[in-house]
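Residue numbers (the working numbering): -19 to 370. In this text, a Cβ means the ideal position worked out from N, Cα and C, and glycines have one as well. Here is the structure we will look at, set down as structure tokens.
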Ligand SMILES: Cc1cc2nc3c(=O)[nH]c(=O)nc-3n(C[C@H](O)[C@H](O)[C@H](O)COP(=O)(O)O)c2cc1C
């Protein structure tokens, strides 16, 4: 992959991340479930959605601002939760949260982030969104929620599409699912091939523990011990009754992430979620499920004005953002691109990526002849493309 001296796109940052990260970490971000068909479809299907170009409309004053989950944003974008982001650059979640704050978009801290919610909040003045999975030990869930609330979080993004982790073959090939000496030596060799990363993250980025869970995981410095703990905590018995329990516990805004079906979307509204994220976990769970671009229109229609519909998966540009809004989303979460920018160019990379997407969105709005984000809709898509989308 050639490394552009002046990165302009998500793909450029991906190339920088590839050059910077040990192979097992690059593949951990880049990969998806089994044959990665859904991962590829997530990206490709946005390209089948064509904006409708209009001319000679007064587009002197374009406004990309909106609110997401009640929070004012410079554009309809939030950084999605990504576990282990703090392994991609020194204190990575703090750098990304600072970048998001500077560009006025929300940052979501993963349950399995390296930096704790307190560390992120000490470094920023606007509170992050906090992502959580249902854990078998509900006492830990309750404790994590209380900690997040006490730290100032008011938006809980609860992920519901991970009763079990998907099969990610790239991780298997790097030995991440096998304990013992051989995979450790394999990883050590990859680390030594990336001295810049070793110096930045391992030597200057300590402690590399799972910040929000450090009280719960007995030996979180040991990757294998952590994996065993997480595996023991995934709870395939979770049902809507647990979400009702959660709703009762969390006084702030609740976003359910991982909805890919209209029936589930209506249930989400029924249990009192203010927002939902149409998501297949970035193609990392069940390979073969539809792309989010395909599922978004029917889910947005089923939900109507009863909740905010957000979407993630395969969004790679500000133009994709425009496409998502035209198909009915109120906003977009982005995963891999911000992590590539963080790994490849740190905080300033994440800032530059968001700024570039804002300019692209503005350009798309200008050429589609629509001046306010709230007014973007199906009428801003080419009629042929509209017929092609289910
Ligand atoms: C490396 C990686 C780690 C992720 N970790 C989490 C996580 O901890 N919690 C979560 O809810 N989603 C997680 N996700 C899913 C993202 O939040 C998001 O749904 C997905 O990345 C969107 O697709 P995109 O990467 O194509 O933008 C992760 C995704 C990636 C790529």
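>> When you compare the region 333 to 353 with the region 295 to 312, are there three or more beta-carbon pairs, one atom per stretch, that lie closer than 8 Å?
In response: Yes, the region 333 to 353 touches the region 295 to 312.
>> Between residue 313 and ligand 1, is there a pair consisting of the residue's CB and a ligand heavy atom that are separated by less than 7 Å?
In response: The answer is yes for residue 313.
> In chain order, what residues of the same chain have a beta carbon less than 7 Å from the beta carbon of residue 41, not counting five sequence neighbours either side?
Replying inline: Answer for residue 41: 351, listed in chain order.
>> Is it the case that the region 79 to 86 contacts the region 172 to 188, given that we only count it when at least three CB pairs across the two stretches are under 8 Å?
In response: The way I'd put it, the region 172 to 188 doesn't touch the region 79 to 86; fewer than three beta-carbon pairs between them come closer than 8 Å.
>> Count Cβ pairs between the region 322 to 333 and the region -17 to -4 that sit closer than 8 Å; are there 3 or more?
In response: The region 322 to 333 and the region -17 to -4 touch, with no fewer than 3 CB-CB distances between them shorter than 8 Å.
> Among 212, 334, 268, which has the Cα closest to the Cα of residue 260?
Replying inline: Taking only the C-alpha atoms, the option nearest residue 260 is 268.
> So, are the CB atoms of residue 13 and residue 148 less than 8 Å apart?
Replying inline: Yes, the pair counts as a contact, with Cβ atoms nearer than the cut-off.
>> Relative to the C-alpha of residue 216, which candidate in 153, 154, 143, 230 has its C-alpha closest?
In response: The option with the nearest alpha carbon to residue 216 is 143.
> Using a Cβ-Cβ cut-off of 7 Å (strictly less than) and excluding sequence neighbours within five positions of residue 289, which residues of its own chain qualify?
Replying inline: Contacts found: 256, 258, 279, 280, 283, 308, 309, 310.
>> Taking its Cβ as the centre, do 16 or more other Cβ atoms sit within 10 Å of residue 169, making it buried, or is it exposed?
In response: Around the C-beta of residue 169, fewer than 16 other C-beta atoms lie within 10 Å, and the residue is accordingly described as exposed.
> What are the partner residues of residue 53, as DSSP defines its beta bridges?
Replying inline: As computed with DSSP, residue 53 is found in a beta bridge with 46.
> Alpha carbon to alpha carbon, how far is residue 376 from residue 286?
Replying inline: Since the displayed the chain opens at -19 and closes at 370, residue 376 lies outside it and no answer follows.
> Given a threshold of 16 other Cβ atoms within 10 Å of its Cβ, counted over all protein chains shown, does residue 68 qualify as buried or as exposed?
Replying inline: So residue 68 counts as buried.
> Below 8 Å, can you find three or more Cβ-Cβ pairs linking the region 127 to 135 to the region 226 to 237?
Replying inline: Contact holds between the region 127 to 135 and the region 226 to 237, because three or more Cβ pairs, one in each stretch, are under 8 Å apart.
> Roughly how many whole angstroms lie between the Cα atoms of residue 106 and residue 135?
Replying inline: Taking the Cα positions, residue 106 is about 12 Å away from residue 135.
>> Just to confirm the assignment, what range does the beta strand (DSSP E) spanning residue 109 have?
In response: Unbroken beta strand (DSSP E) run through residue 109: 109 to 113.
>> So the candidates are 222, 10, 273, 75; which of them puts its Cα closest to the Cα of residue 251?
In response: Distance check between residue 251 and each of 222, 10, 273, 75 places 222 closest, using alpha-carbon atoms only.
> Which partner residues of residue 352 appear in the DSSP bridge assignment?
Replying inline: For residue 352, the pairing in a beta bridge is given by DSSP as 43.
> How is residue 88 classed by DSSP in three states: helix, strand or coil?
Replying inline: Note: residue 88 maps to strand in three-state DSSP.
> Taking the C-alpha atoms as reference points, what is the distance between residue 53 and residue 317?
Replying inline: Distance between the alpha carbons of residue 53 and residue 317: 19 Å.
> Rounded to a whole number of angstroms, what is the C-alpha to C-alpha distance between residue 162 and residue 187?
Replying inline: Rounded to the nearest angstrom, the gap between the Cα atoms of residue 162 and residue 187 is 25 Å.
> What is the C-beta distance between residue 87 and residue 59, in whole angstroms, given that I count them as a contact (C-beta under 8 Å)?
Replying inline: About 5 Å separates the beta carbon of residue 87 from that of residue 59, a gap short enough to meet the 8 Å contact definition.
> Less than 7 Å between the CB of residue 60 and some heavy atom of ligand 1, yes or no?
Replying inline: Flag set: Cβ of residue 60 near ligand 1.
> Which word fits residue 38, buried or exposed, when buried means at least 16 other C-beta atoms lie within 10 angstroms of its C-beta?
Replying inline: Exposed, because fewer than 16 other Cβ atoms sit within 10 Å of the Cβ of residue 38.
>> Any heavy atom of ligand 1 inside 7 Å of the beta-carbon of residue 9?
In response: It does: the Cβ of residue 9 is within 7 Å (strictly closer) of some heavy atom of ligand 1.
> What residue from 173, 44, 276, 96 has the CA that sits closest to residue 240's CA?
Replying inline: For the residues 173, 44, 276, 96, the minimum Cα distance to residue 240 belongs to 276.
>> Buried or exposed, going by whether 16 or more other CB atoms sit within 10 Å of the CB of residue 26?
In response: When all chains shown are included, residue 26 counts as buried.
>> What does the alpha-carbon distance come out to for the pair residue 133 and residue 93?
In response: Roughly 15 Å between the two C-alpha positions.
>> By the DSSP assignment, the alpha helix (DSSP H) with residue 10 in it spans what residues?
In response: Its alpha helix (DSSP H) spans residues 3 to 10.
>> By alpha-carbon positions, which one of 218, 137, 124 ends up nearest to residue 372?
In response: The displayed coordinates of the chain run from -19 to 370. Any statement about residue 372 would go beyond what the structure contains.
> DSSP state of residue 21, grouped into three classes?
Replying inline: In the three-state DSSP reduction, residue 21 falls in the helix class (H, G or I).
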